[in-house]
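Note sheet for the following structure.
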Amino acid sequence: MRTRSDDIYVAPDDPLSIVLEAVVRATWLLLRLVAAVVKAAARNVGTATILVVVAATVWLLNLYAAGGLVVIVAAALTTWRFAHRASFTRQAAPRLILLWRAPLYRVRWRHVATRCGLVIQPHGMAALDRSKKQLVPHILRVVVDRSGRDRLLLRLPVGMTPDDVAAHSDAVGHAFGVDGTQVVTARPGRAWLELRRCDPLRHAIRPEPAKDVALAGIPVGLGDDGRIWRFRVQATHALIAGATGAGKGSVLWSLVHGLAPAISDGWVQVWALDPKGGMELGLGRGAFARFEGGSPEAMCDLLEEAVDLKTRRSLNLATHGKRVHQPSAESPHLVIVIDELATLSAFAERTVVRRIEHALGLLLTQGRAVGITVIAAVQDPGKDVVSWRDLFPTRIAMRLDNPIQVDMVLGDGARERGARADHISELTPGVAYVRIEGSRDVRRVRSAYLTDEDVLALSTSLSASKDQNEREQQIRDREGEAA
Ligand SMILES: Nc1ncnc2c1ncn2[C@@H]1O[C@H](COP(=O)(O)OP(=O)(O)OP(=O)(O)O)[C@@H](O)[C@H]1O
């Protein structure tokens with residue numbers, strides 16, 4: 001009787017070929033290992049140098065010498081940390097953190113990116129092969145910055161955009177255990193994925209003493225990148241949207257604080273409209289050249305006065321063949337602050353509403369070139385306000401109630417790009433998202449906070465200089481008449 005095994009004759013492997021195959025495979029593995037070590041060392045120069053130094057010390061001396069070296073370096077760094085914390089935090093801390101975090105990101109990246117759906121699936125490939133050929137962004141650089149952010153520079157595979165990275169960045173952030181993420185386009189095909197580990201905006205920010213005023217960027221707070229948040233006043237209008245208690249008032253007051261030297265020198269004027277009866281801006285009314293709070297007719301008259309000024313300035317510029325207004329004490333840059341845009345016309349009669357809308361429309365469409373800037377705050381960026389939205393080139397989203405409002409304020413896709421204004425905590429008023437000038441990317445910022453005492457002091461000092469300016473103007477007028 002023949003068994004099944006009798007049918008199949010398997011020639012025994014030649015022992016030499018087995019050994020040869022093993023040698024070839026081992027050599028190949030060794031080469032790959034060496035290549036991987038060289039690649040990892042090139043990418044993580046700091047970590048590699050430290051490992052080489054420690055290994056060389058062990059090799060040339062002994063294990064104790066290497067341990068002693070590590071202890072000496074650790075003691076030196078600890079002394080630096082306690083002796084001069086600021087320079088340690090600035091210089092050493094980010095580099096030390098980078099030593100272990102950069103390899104960590106690189107090792108875990110492919111797994112995290114694949115799990116979070118940050119992949120390009122090649123089309124027209126068998127399902128089995130597809131998983132092998134999945135393309136994920138490639139980490140080109142890892143940077144740890146002083147403000148507690150880890151930044152990964154990604155090279156995007158063909159078919160992926162920064163918006164795709166942003167759409168999955170929340171999941172990536174959770175996988176790496178960070179507080180928040182943001183995506184910023186570096187250049188075509190490259191994007192920075194920013195991972196926030198500790199929030200530099202968690203504490204209230206005190207205003208810096210105001211110095212030279214440049215209308216292109218008034219310092220009003222801090223960004224989560226550790227840089228000053230500068231608010232453009234020149235040639236723009238700004239809309240600040242935020243739920244009640246979001247801190248809109250602090251942005252307005254920080255701005256007035258930043259403008260203070262120019263206001264006291266007389267080349268900037270702020271006119272304020274507070275439809276809520278002066279609750280927000282009334283406290284510091286001395287800072288304003290003109291103030292109206294409450295009566296819709298009076299606010300309407302003030303806006304129409306601004307329109308007259310606009311018309312006079314336009315004619316003047318045309319007569320002198322100029323296109324842009326230059327602020328001066330004789331013709332100051334005018335900033336019109338409106339505390340609640342939606343209620344500006346809410347309680348007015350129909351004719352007054354029409355006049356307000358007409359005046360506001362003219363100021364928003366024609367005011368920029370003649371040195372008039374409108375800055376309006378709004379609680380609910382609903383559809384009434386959205387009709388005005390596009391006339392405000394600068395838009396700021398503070399804490400908002402729902403995700404739809406974020407795109408309503410900052411424009412389509414802003415929330416997907418990281419503007420999570422609906423996630424801002426009630427415990428951090430003043431935090432906002434703003435668009436980075438000249439790009440679609442957004443930045444997280446927090447306005448400085450002026451206490452009521454600060455506002456009163458600001459108001460008193462600006463009121464005194466306003467009186468002084470008026471007196472000087474009267475003297476100049478009298479001298480002019482006498483001459
Ligand atoms: N930048 C800030 N830093 C720290 N705390 C702030 C900041 N801004 C505001 N706050 C705190 O939050 C409170 C509410 O702020 P604020 O009145 O400016 O909000 P708002 O958006 O103007 O609200 P509403 O629309 O109801 O007037 C303030 O009384 C203050 O205590």
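full-length UniProt numbering puts the first residue of the sequence shown at 1, with every later residue one more than the last. Virtual Cβ for every residue (Gly too), placed ideally from N, Cα, C.
Compare the C-alpha of residue i against each of the options and name the closest.
i	options	result
residue 144	136, 103, 122 and 85	103
residue 151	190, 121 and 232	190
residue 311	253, 363 and 42	363
residue 207	199, 198, 197 and 218	218
residue 336	314, 319 and 292	292
residue 459	179, 290, 385 and 21	290
residue 356	156, 344 and 224	344
residue 472	164, 409, 329 and 203	329
residue 393	351, 404, 439 and 416	439
residue 233	244, 214 and 317	214
residue 121	350, 157, 105 and 248	157
residue 316	305, 371 and 272	371
residue 369	216, 92, 249 and 314	314
residue 116	93, 320, 85 and 164	164
residue 235	41, 334, 280 and 283	334
residue 138	110, 162 and 161	110
residue 192	228, 112, 155 and 26	155
residue 244	65, 422 and 174	422
residue 373	382, 63 and 360	360
residue 424	413, 436, 412 and 406	406
residue 187	450, 229, 441 and 108	441
residue 66	51, 76 and 412	51
residue 274	83, 338 and 249	338
residue 323	366, 307 and 142	366
residue 436	57, 414 and 76	414
residue 246	433, 108, 43 and 469	433
residue 387	15, 77 and 408	408
residue 202	34, 469 and 449	449
residue 73	61, 92, 59 and 161	92
How about residue i: is its C-beta nearer than 8 Å to some C-beta of chain D?
i	result
residue 399	Checking the listed chains, one finds no chain D in this structure; it contains a single protein chain.
Where do the ends of the beta strand (DSSP E) carrying residue i lie?
i	result
residue 291	290-292
residue 433	431-435
residue 180	180-187
residue 335	333-338
residue 143	138-144
residue 396	394-397
residue 486	Residue 486 lies beyond the residue range present for the chain, which begins at 1 and ends at 483; the question has no answer from this structure.
residue 417	First-last for residue 417: undefined, no H or E at that position.
residue 424	Where residue 424 is concerned, there is no enclosing beta strand (DSSP E), given that its DSSP letter is neither H nor E.
residue 447	442-447
residue 376	372-378
Could you check where the alpha helix (DSSP H) with residue i kicks off and where it finishes?
i	result
residue 405	403-410
residue 307	296-319
residue 366	350-366
residue 14	Careful: residue 14 lies outside any alpha helix (DSSP H) and carries neither H nor E.
residue 341	341-344
residue 104	93-115
residue 173	162-175
Assuming residue i contacts residue j (C-beta within less than 8 Å), just tell me the rounded distance between them.
i	j	result
residue 196	residue 179	5 Å
residue 327	residue 268	7 Å
residue 153	residue 135	In fact, because the Cβ distance is near 17 Å, the residues do not count as touching under 8 Å.
residue 287	residue 251	Incorrect: roughly 15 Å between the Cβ atoms, too far for contact.
residue 283	residue 455	5 Å
residue 270	residue 176	About 45 Å; that fails the 8 Å criterion.
residue 300	residue 352	5 Å
residue 249	residue 277	Actually they do not touch by this definition, with Cβ atoms about 14 Å apart.
residue 88	residue 81	5 Å
residue 85	residue 146	Not confirmed; about 12 Å, so no contact.
residue 106	residue 43	7 Å
Beta carbon of residue i: closer than 7 Å to some heavy atom of ligand 2?
i	result
residue 280	Because ligand 2 does not appear in the structure shown, any question about it cannot be addressed here, the ligands present being ligand 1.
Inset, instruction - Ignoring anything shorter than 3 residues or poking outside the stretch 193-279, list the beta strand (DSSP E) runs there in chain order. - result: 218-223, 228-231, 238-241 and 268-273
Legend entry - Three or more C-beta pairs below 8 Å linking the stretch 249-260 and the stretch 174-188: no
Inset, instruction - State whether the stretch 415-435 contacts the stretch 384-403, with contact taken as three or more CB pairs (one from each stretch) at a distance under 8 Å. - result: yes
Inset, instruction - Inspect the CB distances between the stretch 47-63 and the stretch 96-111 and report whether three or more fall short of 8 Å. - result: yes
Inset, instruction - Jot down the residue ranges of each uninterrupted beta strand (DSSP E) in the stretch 47-79, minimum 3 residues, whole runs only, in chain order. - result: none
Inset, instruction - Count the C-beta pairs between the stretch 217-237 and the stretch 443-456 that are closer than 8 Å, then say yes if the count reaches three, no if not. - result: yes
Legend entry - Inter-stretch contact at 8 Å, needing at least 3 Cβ pairs: the stretch 235-243 / the stretch 371-385: yes
Inset, instruction - Could you tell me whether the stretch 412-419 touches the stretch 156-176, using the rule of 3 or more Cβ pairs below 8 Å? - result: yes
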